[in-house]
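Engineer: Take this structure first; my questions come after.
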Amino acid sequence: EAAVTQSPRSKVAVTGGKVTLSCHQTNNHDYMYWYRQDTGHGLRLIHYSYVADSTEKGDIPDGYKASRPSQENFSLILELASLSQTAVYFCASRTGLGGRNYAEQFFGPGTRLTVL
Amino acid sequence: GQQVQQSPTSLVLQEGENAELQCNFSTSLNSMQWFYQRPGGSLISVFYNPSGTKQSGRLTSTTVIKERRSSLHISSSQITDSGTYLCAMEPYNQGKLIFGQGTKLSIKP
Chain P
260 EAAVTQSPRS
270 KVAVTGGKVT
280 LSCHQTNNHD
290 YMYWYRQDTG
300 HGLRLIHYSY
310 VADSTEKGDI
320 PDGYKASRPS
330 QENFSLILEL
340 ASLSQTAVYF
350 CASRTGLGGR
360 NYAEQFFGPG
370 TRLTVL
Chain S
10 GQQVQQSPTS
20 LVLQEGENAE
30 LQCNFSTSLN
40 SMQWFYQRPG
50 GSLISVFYNP
60 SGTKQSGRLT
70 STTVIKERRS
80 SLHISSSQIT
90 DSGTYLCAME
100 PYNQGKLIFG
110 QGTKLSIKP
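In order, the protein sequences belong to chains P and S. Using this note's numbering, the first residue of the first sequence is number 260, and each one after it goes up by one. Using this note's numbering, the first residue of the second sequence is number 10, and each one after it goes up by one.
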């Protein structure tokens, strides 16, 4: 079973402060993703990565940075947190290899971020 | 742009009735996934179904690529089926998911 973990599970931050959300996967997957979910809505892609030491912008990258120091770890960084970044953040991974279910994404439990 | 449309937005049923959730997409796809989410909860993968029909217990997913649609059928609904169901598709050769807005399902006793 795929395993994606996130830390912290919840966080309260102050406006203008720096926030780092961490994601760790033990699936040996190449692809990792950060999504955000606002109350009552679907998920939107912030950043993703195909390989360690490289990140790509998703659909809503403004105000966020990402870091992929190793295959297993992917971080989302909010340099100057703002009220509008209050949301639930999900990390996901998938294999970059072929195979029957090659595009299936596996999600972490989420991090609830509140910016005050 | 690429879009994923889910319908209905919300659905209220009596326990025992069947539910039909729809997901329509505007481009060719690599994959289609259905997720279940309780309020404040994490995403639970229900189906990975890029094409054809898959069944798991009372749940059936059917993806018809040519018609650019996927459906999730829940038979003999139970109160514990209540929650939000999200579909997400990966457009061809893009390596990332695009989510629908979800269908909120409420099952009444």
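Note that beta-carbon positions come from the ideal geometry of N, C-alpha and C, so glycine has one too. All values derive from a computational prediction rather than experimental measurement.
1) Listed in chain order, which residues of the region 311 to 336 of chain P have Cβ atoms closer than 9 Å to some Cβ of chain S?
2) Going by beta carbon distance, what residues of the same chain come within less than 6 Å of His-288(P), once the five residues before and after it are set aside?
3) Out of Glu-331(P), Gly-275(P) and Pro-267(P), which has the shortest C-alpha to C-alpha gap to Ser-313(P)?
4) State the DSSP-derived secondary structure class of Ile-116(S), mapped to helix, strand or coil.
5) For chain S, is any of its Cβ atoms less than 7 Å away from the one on Ala-362(P)?
6) Which value, in whole angstroms, describes the spacing of the CA atoms of Asp-90(S) and Ser-115(S)?
7) Using a beta-carbon distance cut-off of less than 8 Å, what residues from the region 22 to 43 of chain S approach chain P?
8) Within a Cβ cutoff of 6 Å, which residues of the same chain sit near Gln-12(S), ignoring the five residues on either side of it in sequence?
9) Cα separation between Val-21(S) and Gly-92(S)?
10) Taking Glu-99(S) as the query, report the chain P residues whose CB atoms sit under 7 Å from its CB, ordered along the chain.
11) Using 8 Å for Cβ pairs, my map puts Leu-280(P) next to His-306(P). What's the rounded Cβ distance?
12) List the residues of chain S whose Cβ lies closer than 7 Å to the Cβ of Pro-267(P), in chain order.
13) Report the partner residues of Arg-295(P) according to the DSSP bridge assignment.
Structural biologist: On the basis of the coordinates in this document:
1) Closer than 9 Å at the C-beta level to chain S, one finds these residues of the region 311 to 336 of chain P: Glu-315, Gly-317 and Asp-318.
2) In the first sequence, counting from the first residue as 1, residue 288(P) sits at position 29. The residues are Ser-352, Arg-353 and Thr-354.
3) Start at 1 with the first residue of the first sequence, and residue 313(P) comes out as number 54. Taking only the C-alpha atoms, the option nearest Ser-313(P) is Glu-331(P).
4) Stepping through the second sequence from its first residue, residue 116(S) is reached at position 107. Assigned with DSSP and collapsed to three states, Ile-116(S) falls in strand.
5) By 1-based counting over the first sequence, the position of residue 362(P) is 103. At least one CB of chain S lies nearer than 7 Å to the CB of Ala-362(P).
6) Indexing the second sequence from 1 puts residue 90(S) at position 81. Indexing the second sequence from 1 puts residue 115(S) at position 106. Their backbone Cα atoms lie some 8 Å apart in a straight line.
7) Under the 8 Å Cβ criterion, the region 22 to 43 of chain S contributes Asn-39, Ser-40 and Gln-42.
8) The residue you call residue 12(S) lines up with position 3 of the second sequence. Same-chain partners within the cutoff: Ser-35.
9) As a first step, residue 21(S) is located in the second sequence; it is residue number 12 there, counting from the start. As a first step, residue 92(S) is located in the second sequence; it is residue number 83 there, counting from the start. Distance from the CA atom of Val-21(S) to the CA atom of Gly-92(S), rounded to whole angstroms, is 11 Å.
10) Taking the second sequence and counting its residues from 1, the one referred to as residue 99(S) is at position 90. The answer, in chain order, is Ala-362.
11) Within the first sequence, residue 280(P) is the residue found at index 21, counting from 1. Within the first sequence, residue 306(P) is the residue found at index 47, counting from 1. Incorrect: roughly 11 Å between the Cβ atoms, too far for contact.
12) As a working mapping, residue 267(P) is identified with position 8 in the first sequence. Within 7 Å Cβ-Cβ: nothing; Pro-267(P) doesn't reach chain S, min ~14 Å.
13) Taking the first sequence and counting its residues from 1, the one referred to as residue 295(P) is at position 36. According to the DSSP secondary-structure assignment, Arg-295(P) is paired through a beta bridge with Arg-303(P) and Tyr-348(P).
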